Each structure stands twice: as C-alpha cells, then as structure tokens.
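For the sequence shown, my numbering begins at 56 and goes up steadily by one.
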Amino acid sequence: MKFSCSKKDFTEALQVVSKAASNKQQMPILSGIYLKADNYSLELQATDYELGFIVKIQANVESPGQIVLSGRFLQEVVRKLPTEQVIFSFDKEENIAHIQSGQANFTLLSMNASEFPIIHHFEGDLEFAMENDVLQDLVKKTVFSCSTDETRPVFTGCYMEVDNDTITMAATNTHRLSVKSITLDLPIGAIKIIIPAKSLNELLHIMNPDNPTTVHITCSHNRISFSFDNIYMTSRLIEGAFPDYKKVIPNDFSTKVTVDTDLFSAAIDRVSLISRSNEYNIIRLSFTQGQIHISSNNPDIGKAEETVPASVEGPDVNIAFNAKYVTDVFKNIQTNECVLYLQQSLRPMSVRENNNDTFLYVVTPVRTAH
Numbered sequence: 056m057k058f059s060c061s062k063k064d065f066t067e068a069l070q071v072v073s074k075a076a077s078n079k080q081q082m083p084i085l086s087g088i089y090l091k092a093d094n095y096s097l098e099l100q101a102t103d104y105e106l107g108f109i110v111k112i113q114a115n116v117e118s119p120g121q122i123v124l125s126g127r128f129l130q131e132v133v134r135k136l137p138t139e140q141v142i143f144s145f146d147k148e149e150n151i152a153h154i155q156s157g158q159a160n161f162t163l164l165s166m167n168a169s170e171f172p173i174i175h176h177f178e179g180d181l182e183f184a185m186e187n188d189v190l191q192d193l194v195k196k197t198v199f200s201c202s203t204d205e206t207r208p209v210f211t212g213c214y215m216e217v218d219n220d221t222i223t224m225a226a227t228n229t230h231r232l233s234v235k236s237i238t239l240d241l242p243i244g245a246i247k248i249i250i251p252a253k254s255l256n257e258l259l260h261i262m263n264p265d266n267p268t269t270v271h272i273t274c275s276h277n278r279i280s281f282s283f284d285n286i287y288m289t290s291r292l293i294e295g296a297f298p299d300y301k302k303v304i305p306n307d308f309s310t311k312v313t314v315d316t317d318l319f320s321a322a323i324d325r326v327s328l329i330s331r332s333n334e335y336n337i338i339r340l341s342f343t344q345g346q347i348h349i350s351s352n353n354p355d356i357g358k359a360e361e362t363v364p365a366s367v368e369g370p371d372v373n374i375a376f377n378a379k380y381v382t383d384v385f386k387n388i389q390t391n392e393c394v395l396y397l398q399q400s401l402r403p404m405s406v407r408e409n410n411n412d413t414f415l416y417v418v419t420p421v422r423t424a425h
C-alpha cells in the first residue's frame with residue numbers, strides 16, 4: 056500500500072472521522088482509523104458503533120491497500136508534518152506504516168484491519184434532501200433543549216417527525232421544550248425517530264455554514280445517515296417512545312410581551328452573573344406596563360437588577376426561571392424582536408421569534424419564596 060496526498064486534506068479528514076473513534080479499552084480496534092487507498096482516492100473511516108464517519112479525499116495511489124492505525128497518534132503526526140505533501144506506505148510483513156513529509160519520517164504500528172467493523176452505506180425506509188443551512192437551523196433551534204441524563208435516553212435526543220411535506224423536530228429535558236418545523240417543496244413520506252443529541256451536535260460541527268451544499272438524509276427504524284460533499288455520517292437512533300410534547304404547549308395566554316432580542320438577552324446575561332454560583336441559578340422577571348424588570352439575589356454574593364423597555368399587553372406578571380433556560384433560547388433567535396406569552400407566575404412561558412410561527416420554545420418557571 057502506497058499513496059501520497061495533501062496534508063491539508065488528510066488533516067481535515069482525520070479531524071472529522073476521529074470524532075467517532077472510541078476510547079473504550081475493551082475494544083482497541085475502535086480507537087483506530089481505517090484507511091483504504093484505491094482508485095485515485097483515500098477513504099478514512101472510524102466508528103464506535105453508535106456514530107460512524109466515512110470521508111474520501113483525493114490521493115495519488117501507487118499501490119492500493121487497507122490499514123488501521125491508532126486514531127490519536129495518526130491525527131497528531133499528520134497535523135504536525137512540516138510540508139504540504141504526505142507520502143504514506145505500508146509494509147505488510149513488518150506490519151509498520153511509514154509516513155514521510157519533507158525531512159520528517161514516522162513509523163506507526165498497524166492494527167489488524169480485518170477486525171475493523173467497516174461502515175457500509177445503508178438503504179433506509181425514507182430518503183430525502185435539504186440544504187445545509189435549513190438543516191442547521193432545524194438542529195440548532197432544538198438540540199440545545201435535550202437532556203444529558205442518560206438514565207432517560209429518549210430525552211437525550213431530538214424527536215424528528217416527517218409527515219408528507221413537513222418535518223418537525225422537538226427536544227425536551229422536561230423543564231423546557233423546543234419545537235421547530237420546516238415545509239419542503241414536495242411530500243417525502245412519513246417516519247418518527249429519535250436522533251441522539253451527540254450525533255446532531257457533531258453534525259453541526261462538521262457542516263460549514265459558509266459553504267452551501269445539499270445534505271442527503273436516509274432513515275430507517277434504527278439508523279440515520281447524512282451525506283454531503285465528501286462526508287458520510289451514520290448514527291444509531293434512540294429506541295423508545297417520545298412523549299406527546301404537544302400536551303405541554305400552552306394554548307392560551309393573558310400577557311403578550313414584545314422585546315428587543317439582543318437588549319433583553321444581554322440584560323439577563325448580566326443579571327444572572329450573581330445567580331450562576333447558586334445551584335438553581337434563579338432570575339426573577341417582572342413584566343409591567345412598558346418594561347421588564349430583571350433581578351437576581353444570592354445571599355453569599357449580592358444582588359443585581361436591570362430594566363429593559365418592552366411592549367407589555369395584558370396583566371402584570373411576576374415569574375422566576377432558571378437563567379440558563381432563558382439565555383439558551385436567545386442564542387438561537389434570529390429576529391430583532393422576540394415575543395413572550397405568559398399566563399401567570401406558575402404557568403410555562405412561550406417564546407417565539409417575531410412574525411415566525413415555525414419555532415416555539417416553552418420554559419417552565421420555578422417556584423420561589425417571596
């Protein structure tokens with residue numbers, strides 16, 4: 056096996072696939088990265104059985120072959136090579152890979168390639184495509200609401216429902232809920248699945264928002280894949296029934312508040328500096344005519360308060376929240392103004408982008424001693 060390729064291409068490919076390389080000691084082969092050189096290309100693979108990547112790059116292949124090397128060391132070696140050209144060769148008898156770049160020479164012991172669980176493209180029950188910016192928006196506006204509690208797996212992923220020409224994604228940790236929907240040009244079928252938040256976050260990291268591309272998505276009852284440019288990503292799905300999130304969406308409100316998104320977000324961020332060291336990170340919001348009063352109090356540190364102007368329609372409301380659950384949503388609101396819908400101090404608050412019904416965020420208040 057012998058090939059040469061660009062250090063830049065090799066490094067970028069390794070950065071992607073290494074996200075799926077496992078650190079589990081009981082299966083050393085999963086810590087490796089599989090390389091296959093053939094037909095003017097180099098294919099790289101890594102998987103931990105939950106998540107898997109295939110990345111292809113151009114290469115000048117003198118003799119084809121396949122090998123598995125330690126993902127950690129291969130990535131570090133290639134990243135620090137001195138020149139842009141990488142020359143790679145593998146001696147089967149010695150079981151050693153040789154990596155050369157300029158005056159630098161490395162040798163790495165290989166792993167048994169026959170033990171590597173090679174990833175294959177699969178055919179699913181549903182296939183469709185969307186632009187990467189649309190997919191990014193769908194994921195970013197929901198995945199942050201997922202739970203990190205592994206004892207309740209269904210809450211650690213995003214529920215995705217495809218119904219003809221509509222895709223809806225929802226996520227909750229039982230204290231907050233994010234729902235985002237999009238409408239496609241044509242109907243594509245129907246499916247209901249739960250995608251792990253870990254996989255979706257990795258997808259966000261490898262998609263370049265500045266590079267418009269089409270993402271091809273394939274779903275089955277237990278797997279999903281995303282294919283775009285030279286990358287193929289596959290993930291296991293979470294088994295279980297996602298709760299009926301529509302039941303917790305408030306269907307009425309008494310007070311409607313319209314406020315400048317950046318102004319409100321920055322004020323909450325400042326005031327919550329005092330509450331962050333507290334276990335519950337509580338901020339209090341007081342909605343009165345023409346303004347929102349934000350305050351926090353920590354007996355061991357001090358107090359903070361700030362007032363921002365807002366359009367408040369309806370009765371005054373005094374309510375308290377975990378500050379993180381409020382600030383998180385503003386990182387994903389793209390309109391200059393946002394709209395808050397409230398009922399009373401112990402009822403959930405709904406947040407929407409102004410003039411956009413495709414995104415909804417619901418957050419549950421906390422009970423405080425007055």
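Cβ atoms here follow ideal geometry from the backbone N, Cα and C, with glycine treated the same way.
Every value quoted in this text rests on a predicted model; they were computed, and no experiment measured them.
Tell me whether residue i sits in a helix, a strand or coil according to DSSP, three-state version.
i	result
L136	coil
T160	Sequence inspection shows Asn at residue 160; the Thr mentioned does not correspond to that position. Strand.
D371	coil
A101	strand
D421	Just to set this straight, residue 421 is Val in the shown sequence, not Asp. Reduced to three states, the DSSP call for V421 is coil.
T343	strand
Y300	helix
Q121	strand
G126	helix
L401	coil
F308	coil
S169	helix
E216	strand
T390	coil
T211	helix
A76	coil
I293	coil
E408	strand
I243	coil
I174	coil
Start and end of the beta strand (DSSP E) containing residue i?
i	result
D412	411-418
H271	269-274
S254	S254 -> not in any beta strand (DSSP E); alpha helix (DSSP H) instead, spanning 252-261.
E67	It is not in any beta strand (DSSP E) - E67 instead sits in the alpha helix (DSSP H) that spans 62-72.
T197	Counting along the chain, T197 falls outside any beta strand (DSSP E), though it belongs to the alpha helix (DSSP H) covering 187-198.
K111	106-113
P364	357-364
G179	Neither: G179 is in no beta strand (DSSP E) and is coded neither H nor E.
F283	278-283
V234	231-238
Y89	87-93
On a CA-only basis, which of the options is nearest residue i? Give me that one, please.
i	options	result
N285	A68, K57, S59	A68
E170	Q155, Y89, L99, S330	Y89
S73	F128, A92, F308, Y95	F128
I174	V110, A252, I250	V110
L397	I374, G107, P264, T310	T310
T473	G212, N219, D218	This structure cannot speak to residue 473, because the chain is shown only from 56 to 425.
P420	P403, F199, H176, Q113	P403
G369	G345, T382, K386	G345
I279	E98, F177, G87, S165	F177
E149	E139, T162, Q155, N78	T162
N410	A252, V418, L395	L395
F342	D317, N373, F297, G357	N373
V133	L415, A159, K147, P119	A159
Answer yes or no: do residue i and residue j have a C-beta to C-beta separation smaller than 8 Å?
i	j	result
M288	L258	yes
E392	T313	yes
N377	N352	no
I249	Y300	no
I151	V123	no
L136	K62	yes
S320	G179	no
S200	I142	no
A184	D218	no
T238	S327	no
G126	A76	yes
Would you mind sorting residue i into buried or exposed? The rule is 16 or more other CB atoms within 10 Å of its CB.
i	result
R422	exposed
S366	exposed
A401	It should be noted that the sequence gives Leu, not Ala, for residue 401. L401 should be labelled exposed.
E408	buried
R207	exposed
E186	exposed
I304	exposed
Q130	buried
T273	buried
T229	exposed
Q389	exposed
Y380	buried
Y104	exposed
Comparing the C-beta of residue i with each C-beta of chain D, is any distance below 8 Å?
i	result
K235	Chain labels in this structure do not include chain D; a single protein chain is all it has.
Start and end of the alpha helix (DSSP H) containing residue i?
i	result
I329	316-330
F385	378-385
What I want to know is whether the C-beta of residue i ends up closer than 7 Å to one or more non-hydrogen atoms of the ligand SAH.
i	result
F177	With respect to the ligand SAH, the structure offers nothing, as it holds no ligand at all.
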